[in-house]
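Have a look at the structure below, then the notes.
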Amino acid sequence: MKRKSVALIVLAILLGMFIMAGQSHAQQVKWKGQSCFPLNNPLGKLTIALWKEYVEKMSGGRLAIQLHDAGEVVPPTKIYDAVKDGLLDFGLNTPAWQKGKYPAGDLYYTLPGGVLEFNDLIIWLYGGGGKELAQEMYKDELIVLPLGLTPPEEVWSKKPIKTLADIKGMKLRAAGLSMELWEKLGASVVLLPGGEVIPALQRGLIDGAEFLEASADYTLGLHEVCKYRFGPPVHMSNNIFQLMIKTKSWKELPADLKVIVESAAMAATFDGYTKWWIQTIEFDKKIRDYGIVTTKLSPKDQARTRELTMQILDEKSKQDPFFAKVWKSQREFIQRYKPYYDLTKFD
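According to the numbering used here, the sequence shown is numbered sequentially starting from 566.
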């Protein structure tokens, strides 16, 4: 009788543990975060907003995402600090905002002058150790995942730019390594959030801007204040943005939800990229129909931007050991990757 009673008690305990485990498994986790870009712009809509949608669908609502628009909680440039300090569970960030603290963040774009192009960047990032180096850069301060990829970009100006010589003396909005490149070409540069670019152009504080690609640039209104644009971009031709996650929030997340967060980030990045390209094509036509004068740099000028970029990379590698480490990883990857890539591509 005693054995039967003990068995029933054990069974009741096990059943209770099973029920509690099931309830714990189904318990909803709530995360609060913010985009560094407006959610009505492709920058926010086709990156972090898409990620939110995928996470909630893939988790069946177990991970609820409260996503704030740019500037609602903190300024766009303060996402890193807000996530690191625990004010937000997550945020969409661009490495450009931490240029002073983490110079190697500039290497997480396609590099100016075509030194690191789209295929190179993506394969290195996901398969060649780039993602792991990004996490090493931020250490335990926060978790960082790639999220959001832009189509190739363009440069806007209030005056015609037909050659690199035309850039001398201009004041430009820039970001990343291109800030140093523009300076080597004789321009003065300033880093501004997207919302400040148009007012700065209207007030004559800057003469031109590199921002993004046709759809984001049109949505921002660059075609209304600049008469000219040119390509290929002197700066990076593609952007990779970052999903930053508070370390404590990440550690508390069940293993299956961690996989969902990571998978949703990759899915949103590539799905958003294809959607973005379609928009870029449509908005490029709108820009041309609007009457914007579009020009392209000569092969000689393009080669010059590549030459100057290599100089900048060497200079910055001497200044920052981790920058040197990331650039070494990229350079060695390109050396391994290029022979077969060049063999299989059409000239």
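Glycine included, every Cβ here is placed at the ideal spot set by N, Cα and C.
Exercise. Can you tell which of Thr-784, Phe-887, Ser-753 and Ser-743 has the C-alpha that lies nearest to the C-alpha of Ile-763?
Worked result: Nearest of Thr-784, Phe-887, Ser-753 and Ser-743 to Ile-763, Cα basis: Thr-784.
Problem set entry | Residue of Tyr-673, Gln-807 and Asp-650 minimising C-alpha distance to Leu-686 | Scanning Tyr-673, Gln-807 and Asp-650 for the CA closest to the CA of Leu-686 turns up Tyr-673.
For this session: Please go through the segment 606-639 and give each complete beta strand (DSSP E) segment of 3 or more residues, from N-terminal end onward.
Result: Unbroken beta strand (DSSP E) stretches of 3 residues or longer found wholly inside the segment 606-639: 628-633, given in chain order.
For this session: Return the chain-ordered ranges of every alpha helix (DSSP H) run that is complete within the segment 859-895 and spans a minimum of 4 residues.
Result: When DSSP assignments are scanned along the segment 859-895, the uninterrupted stretches of alpha helix (DSSP H) that are 4 or more residues long and fall wholly within it turn out to be 864-884.
Exercise. Touch check for the segment 653-673 and the segment 596-608: three-plus C-beta pairs under 8 Å?
Worked result: The segment 653-673 is in contact with the segment 596-608.
For this session: Entirely within the segment 764-795 and at least 4 residues each: give me those alpha helix (DSSP H) ranges in chain order.
Result: Listed in chain order, the complete alpha helix (DSSP H) runs (minimum 4 residues) inside the segment 764-795 are 779-785 and 787-790.
Exercise. Along the chain, where does the beta strand (DSSP E) that runs through Gly-670 open and close?
Worked result: The continuous stretches of beta strand (DSSP E) do not include Gly-670, and DSSP gives it neither H nor E.
Problem set entry | 8 Å contact criterion, which Leu-818 and Val-594 should meet: CB distance rounded | Confirmed, Cβ separation roughly 7 Å.
For this session: May I have the straight-line CA-CA distance separating Ser-863 from Thr-728, to the nearest angstrom?
Result: Going by the C-alpha atoms only, they are around 7 Å apart.
For this session: Enumerate in chain order the residues of its own chain whose CB-to-CB distance from Ile-771 is below 7 Å, with the five nearest sequence positions on each side excluded.
Result: Closer than 7 Å at Cβ, skipping near neighbours: Lys-736, Leu-737, Arg-738, Val-755 and Ala-765.
Problem set entry | Which listed residue (Gly-773, Gly-759, Lys-893 and Gly-760) has its alpha carbon closest to that of Ser-753 | The residue with the shortest Cα to Cα distance from Ser-753 is Gly-773.
Exercise. Whose CA, out of Phe-887, Leu-787, Ile-899 and Lys-865, lies closest to the CA of Gly-856?
Worked result: Closest option to Gly-856, Cα to Cα, is Leu-787.
For this session: Since I believe Met-809 is in contact with Val-709 (beta carbons under 8 Å), could you give me their beta-carbon distance rounded to a whole number of angstroms?
Result: Right, the Cβ-Cβ distance comes to about 6 Å (below 8 Å), so this counts as a contact.
Problem set entry | Complete runs of the beta strand (DSSP E) confined to the segment 713-742 [at least 3 residues] | Taken in chain order, the complete beta strand (DSSP E) segments of 3 or more residues contained in the segment 713-742 are 720-722 and 736-738.
Problem set entry | DSSP three-state assignment for Leu-711, whether helix, strand or coil | In the sequence under discussion, the amino acid at residue 711 is Pro, which differs from the Leu named in the question. Pro-711: strand per DSSP, three-state reduction.
Exercise. Straight-line CA distance for Gly-796 to Leu-698?
Worked result: Using only the alpha carbons, I get a separation of about 30 Å.
Exercise. When burial is assigned at 16 or more other CB atoms within 10 Å of the CB, is Asn-606 buried or exposed?
Worked result: By the neighbour-count rule (16 or more Cβ atoms within 10 Å), Asn-606 is buried.
For this session: Output the distance between the C-alpha atoms of Gln-895 and Gln-592, rounded to the nearest integer angstrom.
Result: Their Cα atoms are separated by approximately 42 Å.
Problem set entry | Between the CA atoms of Ala-820 and Glu-748 - distance to the nearest angstrom | Cα to Cα, Glu-748 sits roughly 47 Å from Ala-820.
Exercise. Quick check: the segment 836-843 against the segment 630-644, are there 3 or more CB pairs under 8 Å?
Worked result: In short, these stretches do not touch, since the Cβ pair count stays below three.
For this session: Taking only the alpha-carbon atoms, compute the straight-line gap between Ser-589 and Lys-823 and give it to the nearest angstrom.
Result: Note that Ser-589 has pLDDT 43, beneath the 50 cutoff, so the model's placement of it is unreliable and the number below is only indicative. One C-alpha to the other measures close to 16 Å.
Exercise. Which residues share a DSSP beta bridge with Asn-658?
Worked result: BP columns for Asn-658 point to Gln-807.
For this session: Compute the beta-carbon to beta-carbon distance between Lys-811 and Val-648, rounded to the nearest angstrom, for a pair I have assumed lies under 8 Å.
Result: Contact holds; Cβ gap of about 5 Å.
Exercise. For Gly-693, which option in Trp-892, Lys-910 and Asp-912 has the closest C-alpha, if you only look at C-alpha atoms?
Worked result: When only C-alpha atoms are compared, the closest one is Trp-892.
Exercise. What's the C-alpha gap between Gly-626 and Pro-904?
Worked result: About 46 Å.
Problem set entry | Buried/exposed call for Ser-722, threshold 16 Cβ in 10 Å | Answer is buried; the Cβ neighbour count reaches 16.
For this session: Hey, could you find the ends of the alpha helix (DSSP H) Gln-593 is sitting in?
Result: Looking at the DSSP string, Gln-593 is not in any alpha helix (DSSP H), and its letter there is neither H nor E.
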